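Novice: Could you have a look at this structure, given as structure tokens, before my questions?
Numbering (the UniProt record's numbering), first residue to last: 1 to 637.
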């Protein structure tokens, strides 16, 4: 999670003393954290209003209302603050417009509730409570004031609304030759939004997708490599047809006019199934049939993450890790492409034209970027970037440091981006992503084999901005496989106030050879007329080879007499055999503190003469040092 501390509403905390007179709470300010992004993004596609002026996206337990013209968040539907530790139970699982009222939004939650919102006034109208968590929800114009839901009913006890336990359901509704479902199991219901009554439809193993036909006669749920097609009768039991696939289903979509659906699988195949067999009277109710795909298409090299039909049913859109939108012309089998949309695609949807305008396709990328595509010329018309997630990072690949800094001249935050070789520049006051800085050139290659090892990418591991905001130092590291070592690059960037951007000034290849850089620190620009004025600003680095290096500017004249500034190594020193792990300058630039093993050494950065050694306790290794207060009197270790 990335967050900032909001000091606007800081609360004063007074010092309190216990019976022995010792202070237990000192005077200070209690700051609230504001999350810049959710720890987990949702793969739920955008839901547009009838006039296509706004769209909805879930964000944790809230719903953000976006402007379709700009992509900006204009309002938020927020629940009352959940009980600490129980926010995950209120997580949103599905969104849909109310078929009975286009100005109402239906929101299903994992806590088993369906909330009906008036999104114009931001008012919660009513809540429909179920006993079990809702994982999926579907609506149809044919079913007024009703929704179809999939719920997880593991552990349901006797005495619920229908008086049956899971075992009772198994005894009454177990289909012929249908093996007992593995726990947990999902149950499908039709729920009335007015009376809260629910009608049982069927059960299946844990479902990953749920889709409803335009006629509301067929409900399809995917589980593993099987799609279960349930009829939705007005009353009585439902029949079921199993649609078998050889690979796991990763996406699902129903045709907007006909009774057939498309399913994408994990190897990139799109398969089509017709529901006519389950609609005929040849199969007795309560029995199941098996069906193989009626047709299939193949282009994707990876899993098909999203499928969406155009409103007229002429095209099927598909997308995945390849960062390409494929438009399949269904009557001819031809396909058209929208390449390089900016990243792996998580969901696709279609925005209907407004007042004679052209149809647009909207893609949600893995890094939270929204991309609009003009359906007429198949070109990306615009994109809206929010704070991006590093989709390449895994829990087993934790870098030694994360790049995080504040630019004093503008107040902007420098954060890790969706690609490890980039930094994103974020403005917190405007809540907007301003730009990205490509620290190291890199290609975004899609692997043919998902199980193949990834090519090592250069990752920005350290970033430091000079106190006056004129210079930026970055360290990008490419870590090879076992025994291959690392390749590091130290880069110094200069702030161009006129352009409002960083420009690369100096690049130093392998500043510590094959060793690792452990710290970066800028000396504040010297004030007054002392010798430090002639020296200029310094950059200090520390490495695992035991050396601390300082870097200074070198001014030269170009061919046309222009001044050219670059950065060169000025000095290097060490202390015994201790490995430096961090470094920091005092606010006035007169001292350089180095965390070396279990102690902290203080140096004069001008003469490189050690002033003092602050011995640590025990064998604890100093990992970070910082001067505290504007005068720098205190040193936090």
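Cβ atoms here follow ideal geometry from the backbone N, Cα and C, with glycine treated the same way. Source: prediction; values computed, not measured.
Whose CA, out of 65, 509, 475, lies closest to the CA of residue 519?
Specialist: 475
Novice: Which residue from 626, 35, 43, 53 puts its Cα closest to that of residue 352?
Specialist: 53
Novice: Where do the N-terminal and C-terminal ends of the beta strand (DSSP E) with residue 153 fall, by residue?
Specialist: Note, residue 153: premise wrong, no beta strand (DSSP E); not H, not E.
Novice: Look at the alpha carbon of residue 206 and the alpha carbon of residue 326, and state the distance between them as a whole number of angstroms.
Specialist: 29 Å
Novice: Taking 8 Å as the cut-off, is the CB of residue 243 close to at least one heavy atom of the ligand ZN?
Specialist: The model on display carries no ligand, and the ligand ZN is accordingly not part of it.
Novice: Between residue 216 and residue 232, is the Cβ-Cβ spacing less than 9 Å?
Specialist: yes
Novice: Secondary structure at residue 90, three-state DSSP: helix, strand or coil?
Specialist: Under the three-state reduction of DSSP output, residue 90 falls in the helix class.
Novice: Mind listing, in chain order, the continuous alpha helix (DSSP H) runs of no fewer than 4 residues lying wholly within the region 515-594?
Specialist: 531-535
Novice: Check residue 77 in the structure and name its three-state DSSP category.
Specialist: In the displayed model, residue 77 falls within a strand according to three-state DSSP.
Novice: Which runs of the beta strand (DSSP E), 3 residues or longer, sit entirely within the region 324-394?
Specialist: 325-329, 335-338, 345-351, 360-365, 370-374, 379-384
Novice: Restricting to Cα atoms, I'd like to know which of 425, 198, 89, 421 is closest to residue 412.
Specialist: 425
Novice: What is the DSSP secondary structure of residue 51, reduced to helix, strand or coil?
Specialist: coil
Novice: Out of 553, 385, 410, 479, point me to the one whose CA is closest to residue 73's CA.
Specialist: 385
Novice: Return helix, strand or coil for residue 456, following the three-state DSSP convention.
Specialist: Collapsing the DSSP output to three states places residue 456 in coil.
Novice: Kindly identify the DSSP beta-bridge partner or partners of residue 187.
Specialist: 151, 203
Novice: Using alpha carbons as the reference points, say which of 135, 516, 588 lies closest to residue 547.
Specialist: 516
Novice: Beta strand (DSSP E) containing residue 412: first to last residue?
Specialist: Here residue 412 belongs to no beta strand (DSSP E), and DSSP marks it neither H nor E.
Novice: Residue 504 and residue 522: beta carbons closer than 9 Å?
Specialist: no
Novice: Out of 570, 593, 586, 568, which has the shortest C-alpha to C-alpha gap to residue 580?
Specialist: Per the C-alpha coordinates, the member of 570, 593, 586, 568 positioned closest to residue 580 is 593.
Novice: Does the beta-carbon of residue 395 have 16 or more other beta-carbons within 10 angstroms, so that it is buried, or is it exposed?
Specialist: Its pLDDT being 46, under 50, residue 395 is placed unreliably by the model, and the measurement read from it follows with that caveat. Under this definition residue 395 is an exposed residue.
Novice: Taking the alpha-carbon positions, what's the residue 143 to residue 102 distance?
Specialist: 14 Å
Novice: Do residue 146 and residue 193 have their C-beta atoms closer together than 9 Å?
Specialist: yes
Novice: In whole angstroms, what is the alpha-carbon distance linking residue 464 and residue 405?
Specialist: 6 Å
Novice: For residue 321, does the three-state DSSP call read helix, strand or coil?
Specialist: coil
Novice: May I ask which residues mark the beginning and end of the beta strand (DSSP E) holding residue 133?
Specialist: 133-138
Novice: Measuring alpha carbon to alpha carbon, tell me which residue in 314, 299, 270 is nearest residue 293.
Specialist: 270
Novice: For a quick check, are the C-beta atoms of residue 108 and residue 94 less than 9 Å apart?
Specialist: yes
Novice: For residue 607, count neighbouring Cβ atoms within 10 angstroms of its own Cβ and tell me buried if that reaches 16, exposed if not.
Specialist: exposed
Novice: Pull up the CB-CB distance for residue 302 and residue 319, whole angstroms please, since I reckon it's below 8 Å.
Specialist: So it is not a contact: roughly 10 Å between Cβ atoms.
Novice: Can you tell me the Cα-Cα spacing of residue 524 and residue 630, whole angstroms?
Specialist: 12 Å
Novice: Would you report the Cα separation of residue 255 and residue 490, rounded to the nearest angstrom?
Specialist: 54 Å
Novice: Whose C-beta lies closer than 6 Å to the C-beta of residue 542 among residues of the same chain, with five residues either side of it excluded?
Specialist: 518, 519, 548, 580, 583
Novice: Ignore the nearest five residues each way along the sequence and tell me which others in residue 257's own chain have a CB closer than 7 Å to its CB.
Specialist: 214, 313
Novice: Going straight from the alpha carbon of residue 77 to that of residue 627, what length do you get?
Specialist: 43 Å
Novice: Pull up the distance between the alpha-carbon of residue 536 and that of residue 69, whole angstroms please.
Specialist: Cα to Cα, residue 536 sits roughly 49 Å from residue 69.
Novice: Taking residue 496 as part of the beta strand (DSSP E), name the residues at either end of that continuous run.
Specialist: Annotation for residue 496: the continuous beta strand (DSSP E) segment containing it runs 486-496.
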